[in-house]
Structure formats: C-alpha cells, structure tokens
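Each residue of the sequence shown is one higher than the last, beginning at 10 in the working numbering. In what follows, a single structure is set out as structure tokens and then discussed.
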Amino acid sequence: MKKLMRVGIIGGGLMGREAASAFARWFVLQNFPVKVELTAVCDLQESLLEWFRQIPTVKLLTKDSAELLSSPNVDVVYVAVPHNLHEKIYLEVLAAGKDLLAEKPFGIDLAAARKIEEAAKASGRFVRCSSEFPFLPGPQRVVAAASPENISKLGKVLEINAGFWHASDLDPTKPINWKRQNQFCGEIGVMGDLGMHAVHIPARLGWKPKRVHAQLQKIYTQRPDGKGGLAACDTWDNALLHCDVDVAGQSDIPMRLEMKRLAPGATNTWWIEVLGTDGGVRFSTAEPKSLWTFVRGKEQCWQRTDLGHGMPFPVITGGIFEAGFPDCFLQMWAAYAAEWAGELNGKFGCVTPGEAVLSHELFAAALKSHLTKTVVTL
Ligand SMILES: NC(=O)c1ccc[n+]([C@@H]2O[C@H](COP(=O)([O-])OP(=O)(O)OC[C@H]3O[C@@H](n4cnc5c(N)ncnc54)[C@H](O)[C@@H]3O)[C@@H](O)[C@H]2O)c1
Numbered sequence: 010m011k012k013l014m015r016v017g018i019i020g021g022g023l024m025g026r027e028a029a030s031a032f033a034r035w036f037v038l039q040n041f042p043v044k045v046e047l048t049a050v051c052d053l054q055e056s057l058l059e060w061f062r063q064i065p066t067v068k069l070l071t072k073d074s075a076e077l078l079s080s081p082n083v084d085v086v087y088v089a090v091p092h093n094l095h096e097k098i099y100l101e102v103l104a105a106g107k108d109l110l111a112e113k114p115f116g117i118d119l120a121a122a123r124k125i126e127e128a129a130k131a132s133g134r135f136v137r138c139s140s141e142f143p144f145l146p147g148p149q150r151v152v153a154a155a156s157p158e159n160i161s162k163l164g165k166v167l168e169i170n171a172g173f174w175h176a177s178d179l180d181p182t183k184p185i186n187w188k189r190q191n192q193f194c195g196e197i198g199v200m201g202d203l204g205m206h207a208v209h210i211p212a213r214l215g216w217k218p219k220r221v222h223a224q225l226q227k228i229y230t231q232r233p234d235g236k237g238g239l240a241a242c243d244t245w246d247n248a249l250l251h252c253d254v255d256v257a258g259q260s261d262i263p264m265r266l267e268m269k270r271l272a273p274g275a276t277n278t279w280w281i282e283v284l285g286t287d288g289g290v291r292f293s294t295a296e297p298k299s300l301w302t303f304v305r306g307k308e309q310c311w312q313r314t315d316l317g318h319g320m321p322f323p324v325i326t327g328g329i330f331e332a333g334f335p336d337c338f339l340q341m342w343a344a345y346a347a348e349w350a351g352e353l354n355g356k357f358g359c360v361t362p363g364e365a366v367l368s369h370e371l372f373a374a375a376l377k378s379h380l381t382k383t384v385v386t387l
C-alpha cells in the first residue's frame, strides 16, 4: 500500500502554486511509493486562496498559519514566503510536529540558517530545502560524471563553474518587489535568491569552498515603487564567487559560482560545467536537451548528446520528450516524498539542512570578502 503524504502550503504565491501544480500531476510518476494530497493552504491574499479553491483535496484555506499548523490533516508543510519570515515560520512548523520542505535560502542569513538547522535536529522532523534543477536529466548526468567513482575519468580537474542567471532586472522600469530589498530578501541579496541553486551539486559532491574572493555588484539602486514614486533597491544584483575547493585528492581547484539578476538575455539559465584534462561535462537550461561532453582523443571535441526525458523517478512521459521547469520541480518533490517515506534508495536527494547552512557560510564569507576586498578563509 502506498504511503499518503498530506501537504500544507504556507505562502501560495509563485512557488506555492508551482507546488500545487506538481501535486496535481503526481499520477505521472510510475510505480511511485508515495501518494500526495494537498490538504491545506495559508496565504494572506484572498485572491490566492481563491485560486486554491479549484483543488478538491484542499479542505482548509486560511490566512492564519497557526490554524494550518494545528490541522491534523497535514503531515508535511511547504513554506514559500519572503526570506525575512523563514526562521519564524520554519521554527513554528517544527514546533507543531510537522515535517518541512523549506524554501531557499533557508533563513535570511547564516544565524537564522544555523538556528533552523539546530531546531530541525532537536525536533527529529524530516527537513529538506528546495532546489530543483539537479533533478533534470542533464544535471543528473553531470552528477554521475563528476561523482567520486567516475571523476578520475576526467583526468586532472581543471576547474568547476556553476551559475544561475536572470535578466529581467536589466529593465530599470521593472517595479520593486520584496526580493530587491534587504529587509525582506536579506543582506546577501542575489546570493539568497539564486545561490542555493548554484551550490547544491558542488555541496553534494563534497566540493566545500576553503577560500572565497567575491565580487558583488549593485547596479540599480532605485526602482519604481508601483505607486508613481521610486523605492530604494538595496540588494546585490550580481555576485561572482571565486572559490578554492579540494576535489578527489586534488587541492585548490578553482570553482567559480555566478549568481546574476543582470545577465543580458538570460531568462532562468541554470548551468554547470566540470572540466578536466581528459574529459569534461557541461549542461545549461538554455539548451535543456543538450549534454555537452568533452573528449580528448587524437582530436579534442565537445560532443553533444540529445537528451530525452530520463528522469530520476520514472514518469509516463515519452522517453524522447524534452524536460522543463515543472518536470524538475515535480521530480524534486518526488525526491522529498521518497526520502520522507524511506524509499529514496540511493537516488539524488533534496538539499539537506547542513548543505543549506554551508551555502550560508559561503555567502556570509562572500559578503566579508567583498567588503574587505580580501580572500576569506571558510
Ligand atoms: N525553488 C525555486 O526555484 C524558487 C523560485 C522562486 C522563489 N523561491 C523561493 O520561494 C520563496 C517564496 O518566493 P515566491 O517567488 O513564491 O514569492 P511570492 O512573493 O510569489 O509568494 C510569497 C507568498 O507568501 C505570502 N505570505 C507572506 N507572508 C505570509 C504569512 N505570514 N503567512 C502566509 N503567507 C504569507 C504572500 O502573500 C505571497 O503570496 C522564497 O523563499 C524564494 O526564495 C524559490
């Protein structure tokens, strides 16, 4: 018999509704051990609660998160709210005895992330953090190629680069929102917004930054406030983190992580590459079907493989069909549910609290590096 995971959502905005959409097509997962049911939703906005009324399993719609947390029909809570509310609400979820899928960055800063990690440990609840791109077929192939068992096939590792690029902020007339204000997004700015996505695979593969030199940029310092005036836009727009990591017994390999809201032309471009003297591997969501593999033979070449729908958790979707954002978000939730039920069976799992704290340690060090114009040791 399948285990039932009853989910409550706190924060029904962009990501809360994305989660609802993943649950709505849960049946595409084949022979999956967990059934999921969205039972309760909390948001402050009436229009959003109204949107969730179209989902028949949702029995509780509320503006009061305490009401959702006291519901006996909720096992797991997905919290997708602004960063300044993470610590408070995540701790309340744990205190209510519920399991948690937290949104990144897992607290507004390092201190908050550490508190949440401690509370998670003390509570014994199952806690993971959201980061979906590694669940696409291309990144899964990168993880396999760079795994401890296979990385020697790449020869001596030359460098590792990963990033996440957006571009809509290049438009100075784009109105301000909470993600562009330190008080809601955090001092780490774009690193809190996009950084966990760049860190997930390196952290999972054990590439822990030893030192960082960061270059942070604030390009637009004001934006329209939507009421005819201007509001301060005080978050970092772009961040370049130059790190040293140890990889498979090789010391001080350069690893560059890029998080950019101002990357000309990029809509939601997540990418990673691992380069070695004998081989390499590269993937970007800009070309979601393409896996690039470097082969050093008599001639050197970058080979392109046309990827299909080879997802970690099999689905009914045709094997040659291309995968996109809703697919990897569904797969991430499948990974959460499988691990929640003790059925992950060695597959790639969601970000752990320890990995989320590691990302915050890096971002805090990056802030210090930029401020002091020095290389900071972690
Ligand atoms: N995994 C991803 O790819 C991804 C993408 C975007 C955002 N995020 C993360 O998801 C989280 C939410 O971002 P978003 O883009 O969905 O934001 P959003 O602004 O679209 O939604 C946030 C929602 O939270 C609600 N809210 C605020 N305070 C609340 C409270 N006290 N109780 C209940 N609801 C409350 C708001 O009304 C809003 O609907 C953030 O942590 C963000 O970093 C993750």
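Glycine included, C-beta positions come from ideal geometry on N, C-alpha and C.
(request) Flag Gln54 as yes when its Cβ comes closer than 7 angstroms to any non-hydrogen atom of ligand 1, and as no otherwise. (result) Here residue 54 is taken as the residue at index 45 of the sequence shown, counted from 1. At least one heavy atom of ligand 1 is nearer than 7 angstroms to the Cβ of Gln54, so yes.
(message) I want to know whether the segment 101-119 touches the segment 190-199 - three or more CB-CB distances under 8 angstroms.
(response) At 8 angstroms Cβ cutoff, the stretches touch.
(request) Decide if Asn247 is buried, meaning its Cβ has at least 16 other Cβ atoms within 10 Å, or exposed. (result) Reading the sequence shown from its first residue, position 238 is the one you call residue 247. Asn247 is buried by the Cβ-count criterion.
(message) Considering just the uninterrupted stretch of the beta strand (DSSP E) at Ile18, what are its terminal residues?
(response) Residue 18 sits at position 9 when you count from the first residue of the sequence shown. Residues Lys12 to Ile19.
(request) Can you check DSSP and say which residues form a bridge with Trp279? (result) For this step, residue 279 is matched to residue 270 along the sequence shown. Phe173.
(message) On a Cα-Cα basis, can you pick out the residue from Glu96, Lys11, Arg213 and Gln312 that is closest to Ala153?
(response) Numbered from 1 along the sequence shown, position 144 holds the residue referred to as residue 153. Taking only the C-alpha atoms, the option nearest Ala153 is Arg213.
(request) Please confirm whether Leu316 and Ser299 have their CB atoms less than 8 angstroms apart. (result) Along the sequence shown, read from residue 1 onward, the residue named residue 316 stands at position 307. Along the sequence shown, read from residue 1 onward, the residue named residue 299 stands at position 290. In contact: Leu316 and Ser299 (Cβ atoms closer than 8 angstroms).
(request) Identify the continuous beta strand (DSSP E) that holds Tyr345 and give its terminal residues. (result) Residue mapping note: residue 345 aligns to position 336 of the sequence shown, counting from 1. That residue, Tyr345, is in no beta strand (DSSP E); its alpha helix (DSSP H) goes Phe334 to Trp349.
(message) Looking at Pro24: is its Cβ nearer than 8 angstroms to the Cβ of Glu112?
(response) Residue mapping note: residue 24 aligns to position 15 of the sequence shown, counting from 1. Residue mapping note: residue 112 aligns to position 103 of the sequence shown, counting from 1. A small correction: the amino acid at residue 24 is Met; Pro does not occupy that position in the sequence shown. Yes. Within cutoff.
(request) Flag Lys269 as yes if its beta-carbon sits less than 8 angstroms from any beta-carbon of chain B, otherwise no. (result) Of the chains in the structure shown, none is chain B; there is only one protein chain.
(request) Could you spell out where the alpha helix (DSSP H) holding Arg313 opens and where it closes? (result) On the sequence shown, position 304 is the one that residue 313 refers to. First-last for Arg313: Gln309 to Asp315, but that is the beta strand (DSSP E), not the alpha helix (DSSP H).
(message) On a Cα-Cα basis, can you pick out the residue from Gln309, Gly333 and Phe357 that is closest to Pro321?
(response) In the sequence shown, counting from the first residue as 1, residue 321 sits at position 312. Per the Cα distances, Phe357.
(message) For Arg72, which residues in the same chain have their Cβ closer than 6 angstroms to its Cβ, ignoring the five residues on either side in sequence?
(response) What you label residue 72 is simply residue 63 of the sequence shown in a count that begins at 1. In the sequence as displayed, the identity of residue 72 is Lys instead of Arg. Counting only Cβ-Cβ distances below 6 angstroms, and skipping sequence neighbours, we find Leu53.
(request) In the DSSP assignment, find the beta strand (DSSP E) that holds Glu46 and state where it starts and stops. (result) Counting from one through the sequence shown, the residue named residue 46 turns up at place 37. Note, Glu46: beta strand (DSSP E), Val43 to Cys51.
(request) Kindly examine ligand 1 and report whether one of its heavy atoms sits closer than 7 angstroms to the Cβ of His92. (result) Taking the sequence shown and counting its residues from 1, the one referred to as residue 92 is at position 83. Answer for His92: yes, Cβ within range of ligand 1.
(message) Would Thr66 and Gly17 qualify as a contact pair, given that the criterion is a beta-carbon distance under 8 angstroms?
(response) Position 57 of the sequence shown, counted from the first residue, corresponds to residue 66. Position 8 of the sequence shown, counted from the first residue, corresponds to residue 17. No.
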